[in-house]
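In the numbering used here, the protein residues as written are 298 to 556. Even for Gly, the Cβ is constructed at its ideal location relative to N, Cα and C. What you are looking at is a predicted structure, and each value in this text was computed from that prediction instead of being measured. Take a look at the structure below.
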């Protein structure tokens, strides 16, 4: 009997120890859970790291080798080469473009190669385009409204030279056929006095009259160089005038009538 009581007491003591251990483990777990919750609550959230996007700017490619048979940048980028703003809209033929020094149109060299390099790098073509735009912005225009100022004074000198030369060298073709008429010409004069471009704006309807006016205008060149005051403003001057060949064999140079 005493032995059974001792066994019962030992079993009860063992159960008590087990319960105590379970309680301790539970308390430890509870403390850890609370600590974890506190850490989650008070820890600052990390800043979201956004992906980094790398951007690479390619420099203009160097001029490609012509011997390799590749397409050059000049051929891929069709930029105009006319010296005036009107040329930016389209490429003029060599026969329509006059040299800056007034020596006539630019011709192709030996083997069909133009005097202007055809194969240019992209950057060279862009630089040339900027030069063309800048040149166009420095182009002056003498119209029927041009009276005073540097352009007006130059126009008066130019008109006198044209009329004096034209009346001294009146076209024999008009005299022989007793032809009269009038034609409107547009001429571009460079700052050195050379003719850079010439165009018929309104034909007389008679090719003999048109050609007579064109020939006289070119034969009377060179014209006076730009005075310093005019050259400071413009590199070229576009003059539009009516050339009148009268029945009494006289040449008059007039401002075009307003449309």
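- Proximity to residue 554 across 442, 426 and 421 peaks at 442, based on C-alpha coordinates.
- Burial check for residue 543: the Cβ neighbour count within 10 Å stays below 16, so the residue is exposed.
- Only residues of its own chain outside the window of five on either side were considered, and among them 483 have a CB closer than 6 Å to the CB of residue 496, listed in chain order.
- Restricting attention to 516, 536, 526 and 539, the CA atom closest to the CA of residue 466 is found in 516.
- Annotated three-state conformation of residue 537 is strand, per DSSP.
- Cβ neighbours of residue 532 within its own chain (closer than 8 Å, five residues either side excluded): 432, 435, 436, 487 and 488.
- Following the DSSP letters along the chain, one finds residue 510 inside the alpha helix (DSSP H) bounded by residues 504-516.
- Between residue 458 and residue 541, the C-beta spacing is not below 8 Å.
- In the displayed model, residue 464 falls within a helix according to three-state DSSP.
- Taking 8 Å as the cut-off, the Cβ atoms of residue 518 and residue 471 do not count as close.
- For residue 454, the secondary structure class from DSSP, reduced to helix, strand or coil, is helix.
- Take the alpha-carbon of residue 545 and the one of residue 454: they are about 24 Å apart.
- Assignment of residue 498 by DSSP, reduced to helix, strand and coil, places it in the strand class.
- In this structure, the beta-carbon distance from residue 527 to residue 468 does not fall below 8 Å.
- For a cut-off of 8 Å, the C-beta gap from residue 520 to residue 490 is around 4 Å, short enough to register as a contact.
- Between residue 481 and residue 503, the C-beta gap is not smaller than 8 Å, which leaves the two residues out of contact.
- With a cutoff of 8 Å on beta-carbon distance, residue 451 and residue 535 are scored as not near each other.
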